[in-house]
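Worksheet for the structure shown next.
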Amino acid sequence: MILEFNKAIMFQLVGEIGEAVSHSGKSRDEILNILVQYNPELKYTKKDWENFNQETKNNIINRIKSSLSDI
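Using the working numbering, the letters of the sequence shown correspond one by one to residues 3 to 73.
So, in structure tokens, the structure goes:
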């Protein structure tokens, strides 16, 4: 199954995803699957994402980054 990710979110996570892959020994796909399980916002549409205020967006991004550092 091919996942469609929110590009606005993913753009902000590229570096952290790369670090998680290199430090965890897991594949990129494994890490993305784990992230989606705990952070469904990664699949939000562009329109859904635009409806959030900036503080909410920042909180979501920070929570996902925290999830990545735990992997």
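Virtual Cβ for every residue (Gly too), placed ideally from N, Cα, C.
State the CB to CB distance for the pair residue i and residue j, rounded to an integer number of angstroms; the pair is presumed to be in contact (CB under 8 Å).
i	j	result
I11	L44	6 Å
Among residues of its own chain, excluding the 5 on either side of residue i, which ones have a beta-carbon nearer than 8 Å to its beta-carbon?
i	result
Y46	N8 and I11
Might you give, ordered along the chain, the residues of its own chain that have their beta carbon closer than 7 Å to the beta carbon of residue i, omitting 5 neighbours on each side?
i	result
S69	L37, Y40 and N41
Would you kindly report the start and end of the unbroken alpha helix (DSSP H) that includes residue i?
i	result
T58	Q56 to D72
S29	Unbroken run through S29: none, as it is neither H nor E.
K48	K48 to E52
Just mark residue i as buried or exposed, buried being the case when its beta carbon has 16 or more other beta carbons within 10 Å.
i	result
E18	buried
Apart from the five residues on each side of it in sequence, which residues of its chain come closer than 6 Å, Cβ to Cβ, to residue i?
i	result
A22	I33, L70 and I73
S26	I73
Taking CB distances under 8 Å as the criterion, tell me whether residue i reaches chain C.
i	result
I66	Of the protein chains in the structure, only one exists, and it is not chain C.
Are residue i and residue j closer than 8 Å when you measure CB to CB?
i	j	result
I62	L15	no
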